[in-house]
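The structure under discussion appears below in the form of C-alpha cells.
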Amino acid sequence: MLEPARRNERRLGARTKGIDLADEARFLKSWFDKPLVTGAVSPSGKALARMMARYVDPTEDGLVLEIGPGTGPVTEALIQRGVPAERLVLIEFNAEFVPLLQKRFPGAKVVQGDAYSAAETLSGRIDSPLIATVSSLPLLTKPVRQRVALLDQCFDMSRPGAPFIQFTYGVAPPIPREAIGSVSTVGSPRVWLNLPPARVWIYRRPI
225 MLEPARRNER
235 RLGARTKGID
245 LADEARFLKS
255 WFDKPLVTGA
265 VSPSGKALAR
275 MMARYVDPTE
285 DGLVLEIGPG
295 TGPVTEALIQ
305 RGVPAERLVL
315 IEFNAEFVPL
325 LQKRFPGAKV
335 VQGDAYSAAE
345 TLSGRIDSPL
355 IATVSSLPLL
365 TKPVRQRVAL
375 LDQCFDMSRP
385 GAPFIQFTYG
395 VAPPIPREAI
405 GSVSTVGSPR
415 VWLNLPPARV
425 WIYRRPI
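Take my numbering: the final residue in the sequence shown is number 431, and no numbers are missing along the way.
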C-alpha cells in the first residue's frame with residue numbers, strides 16, 4: 225500500500241539544499257569514470273526520491289540506512305518525509321560525494337565504504353536496529369547472489385518487518401523473487417516523471 229507523503233518544513237529548511245545542475249555534472253563525471261559503480265548518469269529525480277521515501281515510516285523510532293546516496297536527492301526526500309537527519313546513516317562508495325553529503329546533511333552519519341559489505345562497513349558504527357534500508361545502488365551490475373547477500377545483511381541489521389527499498393529502471397524486480405524464498409516483494413506504481421521512468425520495489429523478510 226502506498227503510504228501518504230509527509231513534509232517537515234522546519235527540518236527541510238534547516239538541513240537540506242536543492243539538487244542543481246552542478247550535481248548533474250558531478251554524477252555525469254562519476255559515471256564516465258566508473259559506470260559500473262555509479263550506475264546512472266544523473267541523480268534520482270524528485271518524484272522517484274519521494275516515492276522511495278514514502279515507504280519509510282518516520283514515526284517509528286530507529287535508524288534509516290541509505291546506501292548509494294550519491295549527491296543526496298533521496299536523503300533530502302527522507303528528511304522531507306519527516307526522518308531527522310540524526311537518524312540517517314549513509315554509506316557512499318564515491319569519496320568525492322562524501323564531503324558534499326556531510327556539508328548538505330550535517331546531522332547524518334556519512335560513511336565512506338562498500339555498501340555490498342554493509343555489515344562490515346558499519347561494524348561498530350551503529351548501536352540500534354534499522355527501521356528501513358533505502359538503496360540507490362546499481363544492483364543489476366552485480367551477480368544475483370551478491371544482491372541477495374546485500375539484502376540478507378541489511379535484514380540482519382534491521383528490526384523484524386523493516387523494508388529494504390530499491391529502485392530500478394527495469395520491469396522485473398532487481399532481486400528476483402525466486403532467489404529470496406519467502407521474502408515479500410511489492411512494486412510501486414511506475415514513476416513516469418522520472419527520466420528514465422522507474423519503479424520502486426519493497427522487500428520485507430517475514431516476521
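Note that beta-carbon positions come from the ideal geometry of N, C-alpha and C, so glycine has one too. In this text the structure is predicted, and so the values were computed from the model without any measurement.
Query raised in the report: Relative to the C-alpha of V298, which residue among A396, Y427, Q390 is closest?
Result: In the sequence shown, the residue the question calls residue 298 occupies position 74. Measuring from the Cα of V298, the nearest candidate turns out to be Q390.
Report task. Give me the Cα-Cα distance between D351 and R401, rounded to the nearest whole angstrom. Result -> The residue you call residue 351 lines up with position 127 of the sequence shown. The residue you call residue 401 lines up with position 177 of the sequence shown. Approximately 31 angstroms, taken between the alpha carbons.
**Report entry** Nonlocal neighbours in the same chain, by C-beta distance under 6 angstroms from L433, ignoring five residues either side
**Finding:** Since the first residue of the chain shown is 225 and the last is 431, residue 433 is not available in this structure.
Query raised in the report: Per the contact definition of three or more C-beta pairs closer than 8 angstroms, is the segment 375-386 in contact with the segment 303-320?
Result: no
Query raised in the report: The beta strand (DSSP E) with K333 in it runs from where to where?
Result: Residue mapping note: residue 333 aligns to position 109 of the sequence shown, counting from 1. Unbroken beta strand (DSSP E) run through K333: 333-336.
Query raised in the report: By DSSP, does F251 sit in helix, in strand, or in coil?
Result: The residue you call residue 251 lines up with position 27 of the sequence shown. Only weak support exists for where F251 lies, its pLDDT of 47 falling under 50; the value from the coordinates is given anyway. Three-state result, F251: helix.
Query raised in the report: With burial defined as no fewer than 16 other Cβ atoms inside 10 Å of the residue's Cβ, what is the status of L419: buried or exposed?
Result: Taking the sequence shown and counting its residues from 1, the one referred to as residue 419 is at position 195. Exposed.
Query raised in the report: Is the CB-CB distance between V280 and L302 below 8 angstroms?
Result: Sequence index remark: in the sequence shown, residue 280 carries index 56 (1-based). Sequence index remark: in the sequence shown, residue 302 carries index 78 (1-based). Closer than 8 angstroms, so yes.
Query raised in the report: Do you know offhand how far T283's Cα is from R369's?
Result: Position 59 of the sequence shown, counted from the first residue, corresponds to residue 283. Position 145 of the sequence shown, counted from the first residue, corresponds to residue 369. Roughly 33 angstroms separates the two Cα atoms.
Query - N-terminal and C-terminal residue of the alpha helix (DSSP H) that A342 is part of - result: Here the question's residue 342 lines up with position 118 in the sequence shown. Element bounds for A342: 342-345.
**Report entry** First and last residue of the uninterrupted alpha helix (DSSP H) at P368
**Finding:** Here the question's residue 368 lines up with position 144 in the sequence shown. Residue identity check: residue 368 is Val in the sequence provided, not Pro. V368 -> alpha helix (DSSP H) spans 368-380.
Query raised in the report: Cα separation between V335 and V410?
Result: Your numbering for residue 335 matches position 111 in the sequence shown. Your numbering for residue 410 matches position 186 in the sequence shown. One C-alpha to the other measures close to 29 angstroms.
Query - Rounded C-alpha distance that separates I404 from L324 - result: Position 180 of the sequence shown holds residue 404. Position 100 of the sequence shown holds residue 324. Computed Cα separation, rounded: 35 angstroms.
Requested in this report: Helix, strand or coil for V313, going by three-state DSSP, please let me know.
Outcome: Within the sequence shown, residue 313 is the residue found at index 89, counting from 1. In the structure shown, V313 sits in a strand (DSSP, three-state: E or B).
Query raised in the report: Helix or strand or just coil, what does DSSP make of T283?
Result: On the sequence shown, residue 283 is found 59 positions in, with the first residue counted as 1. Here T283 sits in coil by DSSP.
Query - Cα-Cα separation, A375 to R278 - result: Translated into positions along the sequence shown, residue 375 becomes position 151. Translated into positions along the sequence shown, residue 278 becomes position 54. It is worth fixing the name first, because residue 375 is Leu in this sequence and not Ala. The alpha-carbon atoms of L375 and R278 are separated by roughly 19 angstroms.
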